[in-house]
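Protein sequences, first through last, are from chains G and C. Quick note: our numbering has the first sequence finishing at residue 115, numbered continuously throughout. Quick note: our numbering has the second sequence finishing at residue 115, numbered continuously throughout. First up is the structure itself, then whatever we jot down about it.
2 protein chains.
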Amino acid sequence: MEAAVHEYVAAFSAGSADRVAALFGENATVEDPVGSPLHEGLAAIRAFYEGSMATGAKLTLEGPVRVVADYAVFAFSVHLQWEGGAKRIDVIDSFRFDEGGNVAEMRAFWGPENMHGFT
Amino acid sequence: MEAAVHEYVAAFSAGSADRVAALFGENATVEDPVGSPLHEGLAAIRAFYEGSMATGAKLTLEGPVRVVADYAVFAFSVHLQWEGGAKRIDVIDSFRFDEGGNVAEMRAFWGPENMHGFT
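Pasting the structure below:
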């Protein structure tokens, strides 16, 4: 599960929606940010990540991955250039894994107070 | 919600189970670590924290609190002296709040790989 998190960060930063989608199970759900509509199933998840990566955003892990039961939870920062300035968003993601070792449920915790440089 | 997190960290480090319990709603649940039996209701929650604090553990926030929808999620480290040595546990907690601004559900994500110095 910890290796999956490192692959997620590397694949996202490399802009590969295929590598990111390969970490998820067929009927997985993505809620990013928490409170927004779910992206359900691999096709929707791949499309969501393709859109997210179009910003050129890079991810940086912030501290160790917490691993317990069927969960991996990790803090990270998102860095992107947008409208001529450097932006940062502080996020904590939770991954719940299925028995096959794929991500079944991803939830991303970040809100307006976690967005920096978006004046 | 962010203020509640700061009060939680301060109250825990001060060893006050009363101050910690005051942050929770009457029918709140605490799952610490995730996958272990729930502590349900204020009396059980207060007793759980009293036991946790008996170790003299102190909490240090690691990075900004993520706040979205009815959640506050935060990374921190637990520091304690035990059997003559300094121990550290890396944890991420999620707090879900009720409409009254009290914590309704707390889940603590940490596992064996997040425990350091427990040789």
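Quick reminder that beta carbons are idealized off the backbone N, C-alpha and C, glycines included.
Residue range 38 to 49 is occupied by the alpha helix (DSSP H) that includes residue 43(C). Following the DSSP letters along the chain, one finds residue 82(G) inside the beta strand (DSSP E) bounded by residues 81 to 93. For a Cβ distance threshold of 8 Å, nothing in chain C lies close to residue 113(G): the least Cβ distance comes to about 14 Å. Classified as buried, residue 35(G) has 16 or more neighbouring CB atoms from the shown chains inside 10 Å of its CB.
Per the C-alpha coordinates, the member of 79(C), 87(C) and 59(C) positioned closest to residue 102(C) is 87(C). Interface flag for residue 28(G) against chain C is unset, since no Cβ pair is found closer than 8 Å.
Between residue 79(C) and residue 107(C), the alpha-carbon positions lie close to 20 Å from each other. Around the Cβ of residue 90(G), a 10 Å sphere holds 16 or more other Cβ atoms; the residue is buried. For residue 87(G), the chain C residues whose Cβ falls inside 9 Å of its Cβ are 62, in order along the chain.
A Cβ of chain C is located within less than 8 Å of the beta carbon of residue 59(G). In the three-state reduction of the DSSP assignment, residue 20(G) falls in the strand class. Three or more beta-carbon pairs drawn from the segment 24 to 39 of chain C and the segment 57 to 77 of chain G are found closer than 8 Å, and the two stretches are therefore classed as touching.
Restricting attention to 83(C), 111(C), 112(C) and 98(C), the CA atom closest to the CA of residue 4(C) is found in 98(C).
Minimum Cα-Cα distance from residue 100(C) among the listed residues 19(C), 8(C), 14(C) and -1(C) corresponds to 19(C).
Bridge pairing for residue 27(C): 103(C) [DSSP]. For residue 105(C), the C-beta contacts it makes with chain G under 7 Å involve 62, 64, 67 and 69, in order along the chain.
Counting the other CB atoms within 10 Å of its CB gives residue -3(G) a total of 16 or more, which places it among the buried residues. Proximity of chain C to residue 95(G) at the Cβ level (cut-off 8 Å) is not reached, the minimal Cβ distance being about 15 Å.
The Cβ atoms of residue 40(G) and residue 59(G) lie no closer than 8 Å to each other. At a Cβ-Cβ threshold of 8 Å, residue 55(G) and residue 74(G) count as neighbours. When the beta-carbon positions are compared, residue 0(G) and residue 42(G) stay at least 8 Å from each other. Here residue 94(G) is not near residue 11(G), since their CB atoms are 8 Å or more apart. In the structure shown, residue 10(G) falls within a coil segment according to DSSP collapsed to helix, strand and coil.
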